[in-house]
Amino acid sequence: MLFSSTGVNNVALQYSVSDNWEDKISRTLRRLGEKFPDVQIVIYMTNQIIGAKGDEIRTKVLSKGFALDIRDRNVIVHSPPPPIKPKPREEGEEHPDLDGAFL
Numbered sequence: 003m004l005f006s007s008t009g010v011n012n013v014a015l016q017y018s019v020s021d022n023w024e025d026k027i028s029r030t031l032r033r034l035g036e037k038f039p040d041v042q043i044v045i046y047m048t049n050q051i052i053g054a055k056g057d058e059i060r061t062k063v064l065s066k067g068f069a070l071d072i073r074d075r076n077v078i079v080h081s082p083p084p085p086i087k088p089k090p091r092e093e094g095e096e097h098p099d100l101d102g103a104f105l
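Per the numbering used here, the sequence shown starts with residue 3, numbered consecutively.
The following block contains the structure:
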């Protein structure tokens, strides 16, 4: 079963550390096609460096009805998280997220 917050299972996300990413993507797409035929978009995240080498498999799977978005190590490492800007609090003011939460 795929998680879906909307009840529509057309996007799948996979994170893999497999060295053989091409084979892993192919196996995943085959399994998704069998078990979850509504999936149209696959986001593949990996700690491997893929870069432009992913273009060939991306084109190949597009002809099979899948849109493949590859997020490799470069994307993960070079995409910093958004900055957190906490709201300034007045002296003595309790933290709103913790106010009474654990009491």
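Glycine is no exception: its CB is placed at the ideal position from the N, C-alpha and C atoms.
Proximity below 8 Å, CB of residue i to CB of residue j
i, j, result
"A69", "I43", "yes"
"F38", "A14", "yes"
Under the three-state DSSP convention, the category residue i falls into
i, result
"V10", "coil"
Per-residue burial, residue i [other beta carbons within 10 Å of its own, 16 or more giving buried]
i, result
"T30", "buried"
"Y46", "buried"
"T61", "exposed"
"G56", "buried"
"L64", "exposed"
Opposing strand residues paired with residue i [DSSP bridges]
i, result
"S18", "T48"
"R75", "None, per the DSSP bridge assignment."
Start-end ranges of the alpha helix (DSSP H) lying completely within the segment 26 to 70, minimum 4 residues: 57 to 64
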